[in-house]
Amino acid sequence: MRIGGLADADGDEVSYSIDYVTSDEAVDAPESGNTAVDVGRGDQDQNEDGSPHVAGDGQSHGRPVLLRAERSGRGNGRVYALHVTADDGRGGTCEATVRVCVPHDNSGAPCVDDGQTYVVSSPPAPPPPPPPPTAPGTLRCPAPSRALAGSPVTLRTTNTTAGARVSWSVISAPSSTRAYRFATVYNDSDVGAMVASGEVVPFTSVIVGDFTVHAEATYPDGTIDQCDTTVSMIGHGLRVELSWNTQGTDVDLHALDSSAGRWFSTQDCYYANRRPDSALPATSRRWLDTDDVDGEGPENIRVDTPMTDREYQVGVHFYSAHGRSGTTRATIVIYCGEQRMGTFVRDLTGNRSSPDANDYWNVAAVRFDPSAACTVRTLGRVTTASVVRSGG
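Mapping the sequence shown onto our numbering, position 251 (from 1) lands on 1733, and the numbers just tick up by one.
What follows is the structure, encoded as structure tokens:
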């Protein structure tokens, strides 16, 4: 059969497509003895005998559909519902449902629709949502840049249209760190930035390594353009980074500036005493830049201009596993200037009765000479926090 009578108010020629077909009777199983398909489709613009179909006035172009008679129903005919989309070729469309009765026999008995509960020609899958409109690649990010860790670089896009807003974010960072900021100095906020087109944005991190920074411009008409650049944070002075491999746990980084110092005292740089060297020049002070209490770091202690008359000692305390069982693998990386001078790994226990009963790892000692070169001495002792608190 072919659908006719589709008309357009402007007199445009109308074409149609049959999207899917439902029926009031189930499709016969292959074992029923009659296994032909229940719905078929003829060739586009051909009559049932294969001759070319020419649409006359008031007719419409479309592919015919072949419907099969009732095979195993109630004897009251088979009713199909054809779900149709009509198109005038000029952007005008409409949808309709056409019901067709295929009689059970030649007795003339009326067809009865027992309910369109069977899909005999599946509807097409819904189209995927369209992507947001994209500008033709005009946005440009700055060239890759390098800066000393903790110092800012400036980021600025070019070739944007007036009125655009640019969003900056980090899509890749060393050890998946969150210790970066879109700010002139590292602080506790500004992990993203939204600025007007062409506005300068500062970026910094205290963590050594390469950051992939992403800019996305949204134009007044809703189109989007984007670009990436790389910012490399370079080590300088003494930098100690701690990371670990379990989420939801709290591992703490410590640093003494004397082999005679005592952990957890005013001589110790750690979460409760993040800037202990107030009497020294700012560049020679120890700074705990980041304290991560829920895994997996990194934490970072730095001395931008290390003193040559002392030995810096590095420690790690597994403060709490927060109810989690098993060990946690802690990793310490020590940088002297731009060079990675040592990597140390140890499994620690942190689920004992109190933080003081948990593992404390005395990792290494670092000494600088007047040329700013350093030597790293492995210590490797693991005891408990209560022992090192008492000076043991």
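For every residue, glycine included, the Cβ atom is placed at its ideal position computed from N, Cα and C.
Between residue 1687 and residue 1813, the C-beta spacing is not below 7 Å.
The straight-line gap separating the alpha-carbon atoms of residue 1716 and residue 1707 is approximately 30 Å. Within the model, the alpha-carbon separation for residue 1734 versus residue 1624 is close to 37 Å.
Burial is judged here by how many other beta carbons sit within 10 angstroms of a residue's own beta carbon; residue 1874 has fewer than 16 and is exposed.
DSSP places residue 1853 outside both helix and strand once states are collapsed to three, so it counts as coil. Three or more beta-carbon pairs separated by less than 8 Å link the region 1641–1659 to the region 1676–1683, which places the two stretches in contact.
When DSSP states are grouped into helix, strand and coil, residue 1611 belongs to the coil group. Relative to residue 1823, the option among 1830, 1499 and 1815 whose CA is nearest is 1815.
Around the CB of residue 1703, fewer than 16 other CB atoms lie within 10 Å, so the residue is classed as exposed. Taken through DSSP and simplified to helix, strand or coil, residue 1683 comes out as strand. Within the region 1772–1856, the complete beta strand (DSSP E) segments of 3 residues or longer fall at 1781–1785, 1793–1802, 1810–1818, 1821–1830 and 1841–1850, listed in chain order. Residue 1709 places its beta carbon less than 7 Å from that of residue 1621.
For residue 1696, the pairing in a beta bridge is given by DSSP as 1651 and 1710.
For the 7 Å CB-CB criterion, residue 1781 and residue 1772 form a contact. Rounded to whole angstroms, residue 1805 and residue 1627 show a C-alpha spacing of 43 Å. In this model, residue 1847 and residue 1659 are separated by some 25 Å (Cα to Cα).
Distance between residue 1484 and residue 1564, taken at the CA atoms: about 11 Å. The DSSP-derived three-state label of residue 1658 is helix. Boundaries of the alpha helix (DSSP H) around residue 1869: 1867–1871. When DSSP states are grouped into helix, strand and coil, residue 1725 belongs to the strand group. The residue among 1730, 1594, 1597 and 1856 with its C-alpha nearest the C-alpha of residue 1800 is 1730. Remark: C-beta atoms of residue 1496 and residue 1578 do not approach each other more closely than 7 Å.
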